[in-house]
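Visitor:
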Amino acid sequence: MSSSNGRVQDIFGPNSPCSLNNCPVEWSMLGYRPSLAANVVFLVLFAAVGAVHAYLGVRWRSWGFAAGMLLGCVTEILGYVGRIMMWHNPFSYYGFMIQIICLTIAPVFFTASIYVTLSKTILYFAPQLSRFKPQLFYWVFIPFDVVCLILQAIGGALSTTERDGRRTGVDISMAGLILQVVVIVIFMAAYFDYMVRLARSGRARAELTAWRSVAFFAGLVAACVFILTRCSFRVAELKDGYTGELFREEVLFIVLEGVMVVIASIALMFGNPGLVFDKSTAENGDATRKKPGHSDSDEGGMATGGYDGAGRSGKERV
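As structure tokens, then:
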């Protein structure tokens with residue numbers, strides 16, 4: 102195995118003399134010829150999902166959410182174009198570079214869309230029940246998401262350079278993926294904490310059990326779980342670098358990368374804030390809505406120790 106791995110490292114690069122005509126596919130970086138059918142299916146699916154998210158973004162004016170989803174879908178499409186290039190030539194340097202960078206960073210855009218919704222959910226339902234200002238969630242999770250994006254992009258780029266820098270690139274990509282896992286777990290804990298407080302308050306019980314709300318929360322939770330599963334797999338996959346056994350298993354990649362991310366992106370059709378929020382809230386994220394017959398004083402007495410939407414804690418409210 103070591104001699105084979107040595108050949109892989111030596112023949113990889115933009116000037117590689119190898120092709121299917123003169124080198125065995127096992128010498129390629131992936132160690133296999135990517136399935137054309139699987140990669141075309143994923144490309145078409147992400148194109149379709151992106152089109153639906155574009156339509157929903159226009160219909161519900163959820164511009165920020167839709168922008169993240171579209172960027173993610175386009176990046177996924179580019180990644181699978183890279184894998185199709187590697188079907189034509191498993192030794193394609195540019196095909197490998199495109200797929201390793203794009204498929205690694207694409208879910209970061211999806212998680213950015215997810216993080217935006219926590220602040221909007223709090224603002225829409227009951228800001229006074231939140232332990233922190235709703236905007237704080239936005240300004241904490243999004244910057245961390247950007248850091249994940251930068252680490253994964255830089256790591257992916259470095260991992261396609263000369264042999265000496267390849268391990269460094271893989272390690273940087275792993276750091277970005279591990280950070281993404283940690284941030285998703287913290288986000289899910291924060292979201293769960295808020296939803297428990299909201300459910301216990303009894304506020305808008307009928308609205309919370311309406312099919313739109315159930316679909317919305319289920320879509321967000323499902324997307325988080327699938328992306329978390331995918332990121333955990335990618336961390337394990339890269340642990341031993343590009344010559345590790347997991348990295349060279351196509352079936353695992355298809356199931357735990359492609360299928361997980363496709364399902365997450367479909368679930369986020371229901372996680373679009375426009376499904377349950379009014380258009381002004383979905384659009385700008387700063388609007389709070391009032392229900393008919395619902396006054397600010399009614400909101401003020403519903404929680405203790407929370408944020409009331411006006412910069413005051415529960416103890417400061419009268």
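Per this note's numbering, the sequence shown starts with residue 102, numbered consecutively. Beta carbons are placed, not taken as given, at the ideal position from N, Cα and C, and that holds for glycine.
Once the 5 residues before and after A155 are set aside, which same chain residues still bring their CB inside 7 Å of it?
Guide: For the purposes of this step, residue 155 is taken as the residue at position 54 of the sequence shown. Excluding residues within five positions, the ones whose Cβ falls inside 7 Å are A167 and L171.
Visitor: Counting pairs of Cβ atoms below 8 Å between the stretch 360 to 370 and the stretch 317 to 324, do you hit three or more?
Guide: yes
Visitor: Buried or exposed: G75, going by 16 or more other Cβ atoms within 10 Å of its Cβ?
Guide: The question about residue 75 has no answer here: the residues shown for the chain are numbered 102 through 419.
Visitor: With a threshold of 16 other CB atoms inside 10 Å of the CB of S129, please say whether the residue is buried or exposed.
Guide: For the purposes of this step, residue 129 is taken as residue 28 along the sequence shown, with counting starting at 1. That one is buried.
Visitor: Would you kindly work out how many angstroms separate the C-alpha atoms of R267 and A311, rounded to a whole number?
Guide: Your numbering for residue 267 matches position 166 in the sequence shown. Your numbering for residue 311 matches position 210 in the sequence shown. Whole-angstrom Cα-Cα distance: 51 Å.
Visitor: Just to confirm the assignment, what range does the alpha helix (DSSP H) spanning E350 have?
Guide: Residue 350 sits at position 249 when you count from the first residue of the sequence shown. Unbroken run through E350: none, as it is neither H nor E.
Visitor: Can you tell me which of P244, V247, M275 and L137 puts its alpha carbon nearest to the alpha carbon of L259?
Guide: Stepping through the sequence shown from its first residue, residue 259 is reached at position 158. Ranking P244, V247, M275 and L137 by Cα distance to L259 puts M275 first.
Visitor: If we define contact as Cβ-Cβ less than 7 Å, is T261 a contact residue for chain C?
Guide: No chain C appears in the structure shown, which is made up of a single protein chain.
Visitor: Between which two residues does the alpha helix (DSSP H) holding G165 run?
Guide: Along the sequence shown, one-based indexing puts residue 165 at 64. Element bounds for G165: W164 to H189.
Visitor: Considering just the uninterrupted stretch of the alpha helix (DSSP H) at R232, what are its terminal residues?
Guide: In the sequence shown, residue 232 corresponds to position 131, counting from 1. Here R232 belongs to no alpha helix (DSSP H), and DSSP marks it neither H nor E.
Visitor: Grab me the residues of V298's own chain with a C-beta within less than 6 Å of its C-beta, minus the 5 sequence neighbours each way, in chain order.
Guide: Reading the sequence shown from its first residue, position 197 is the one you call residue 298. Residue identity check: residue 298 is Arg in the sequence provided, not Val. Only L230 meet the Cβ criterion.
Visitor: Could you check the C-alpha separation between L179 and R301 for me, to the nearest Å?
Guide: To locate residue 179, count along the sequence shown from 1; it is residue 78. To locate residue 301, count along the sequence shown from 1; it is residue 200. About 45 Å.
Visitor: Return helix, strand or coil for S246, following the three-state DSSP convention.
Guide: On the sequence shown, position 145 is the one that residue 246 refers to. Note that residue 246 is Asp in the sequence shown here, rather than Ser. Looking at D246 - three-state DSSP - the assignment turns out to be helix.
Visitor: Give a yes or no on contact between the stretch 182 to 193 and the stretch 117 to 131, applying the rule of three or more CB pairs nearer than 8 Å.
Guide: Taking a contact to require three or more Cβ pairs closer than 8 Å, the stretch 182 to 193 and the stretch 117 to 131 qualify as touching.
Visitor: Tell me, to the nearest whole angstrom, how far the beta carbon of G183 is from that of R349; I am working on the premise that it is less than 8 Å.
Guide: If you number the sequence shown from 1, residue 183 lands on position 82. If you number the sequence shown from 1, residue 349 lands on position 248. Not confirmed; about 17 Å, so no contact.
Visitor: Work out the CA separation of L347 and K392 for me, nearest whole Å.
Guide: As a working mapping, residue 392 is identified with position 291 in the sequence shown. As a working mapping, residue 347 is identified with position 246 in the sequence shown. Note that K392 scores 44 on pLDDT, short of 50, meaning its location in the model is unreliable and no value can be drawn from it.
Visitor: Alpha carbon to alpha carbon, how far is P118 from I251? Give it in angstroms, no decimals.
Guide: Within the sequence shown, residue 251 is the residue found at index 150, counting from 1. Within the sequence shown, residue 118 is the residue found at index 17, counting from 1. Approximately 32 Å, taken between the alpha carbons.
Visitor: What are the boundary residues of the alpha helix (DSSP H) that includes C203?
Guide: Within the sequence shown, numbered from 1, the residue matching residue 203 stands at position 102. Y194 to F226 is the extent of the alpha helix (DSSP H) around C203.
Visitor: Please check the pair F327 and I364, which I expect to be a contact at CB under 8 Å, by giving their CB distance rounded to whole angstroms.
Guide: Position 226 of the sequence shown, counted from the start, is the residue given in the question as residue 327. Position 263 of the sequence shown, counted from the start, is the residue given in the question as residue 364. In this structure F327 is in contact with I364, their Cβ atoms being roughly 5 Å apart against a cut-off of 8 Å.
Visitor: Which residue wins for smallest C-alpha separation from G151, given the options I112, L121, L137 and A207?
Guide: Start at 1 with the first residue of the sequence shown, and residue 151 comes out as number 50. Minimum Cα distance to G151 is reached at A207.
Visitor: Looking only at its chain, what residues have a beta carbon closer than 6 Å to the beta carbon of Y292, apart from the 5 residues adjacent to it on each side?
Guide: On the sequence shown, position 191 is the one that residue 292 refers to. Excluding sequence neighbours, Y292 sits near L219.
Visitor: According to the neighbour-count rule (16 or more other Cβ atoms, all chains shown, within 10 Å of its Cβ), is E358 buried or exposed?
Guide: The residue labelled residue 358 in the question sits at position 257 within the sequence shown. With 16 or more Cβ atoms within 10 Å of its Cβ, E358 is classed as buried.
Visitor: Counting C-beta neighbours from all protein chains within 10 Å, is the total for N122 16 or more, i.e. buried, or is it exposed?
Guide: Here residue 122 refers to the residue found at position 21 when the sequence shown is read from its first residue. By the neighbour-count rule (16 or more Cβ atoms within 10 Å), N122 is not buried but exposed.
Visitor: Note the first and the last residue of the continuous alpha helix (DSSP H) segment covering M370.
Guide: Residue numbering aside, residue 370 sits at position 269 when the sequence shown is read from its first letter. That run of the alpha helix (DSSP H) goes M361 to F371.
Visitor: Assuming contact is defined by CB atoms lying nearer than 7 Å, are I169 and F226 in contact in what I supplied?
Guide: Locating residue 169 in the sequence shown gives position 68, where the first residue counts as 1. Locating residue 226 in the sequence shown gives position 125, where the first residue counts as 1. Reading off the sequence shown, one finds Gly at residue 169, where the question assumed Ile. Not in contact: G169 and F226 (Cβ atoms no closer than 7 Å).
Visitor: Give the straight-line distance between the Cα atoms of T222 and T330, rounded to the nearest whole angstrom.
Guide: If you number the sequence shown from 1, residue 222 lands on position 121. If you number the sequence shown from 1, residue 330 lands on position 229. The straight-line gap separating the alpha-carbon atoms of T222 and T330 is approximately 24 Å.
Visitor: What's the C-alpha gap between L376 and V217?
Guide: Counted from its first residue, the sequence shown places residue 376 at position 275. Counted from its first residue, the sequence shown places residue 217 at position 116. Distance between the alpha carbons of L376 and V217 is about 14 Å.
Visitor: Out of R162, Y181, E177 and G165, which one is the CA nearest neighbour of V141?
Guide: Translated into positions along the sequence shown, residue 141 becomes position 40. Cα-wise, what sits closest to V141 is Y181.
Visitor: Just to confirm, is the Cβ distance from W188 to L137 under 7 Å?
Guide: Walking along the sequence shown from the start, residue 188 turns up at place 87. Walking along the sequence shown from the start, residue 137 turns up at place 36. In this structure, L137 lies closer than 7 Å to W188 by Cβ.
Visitor: Please give the ranges of any alpha helix (DSSP H) in the stretch 276 to 334, keeping only runs that are unbroken, at least 4 residues long and fully inside the region.
Guide: 306 to 309
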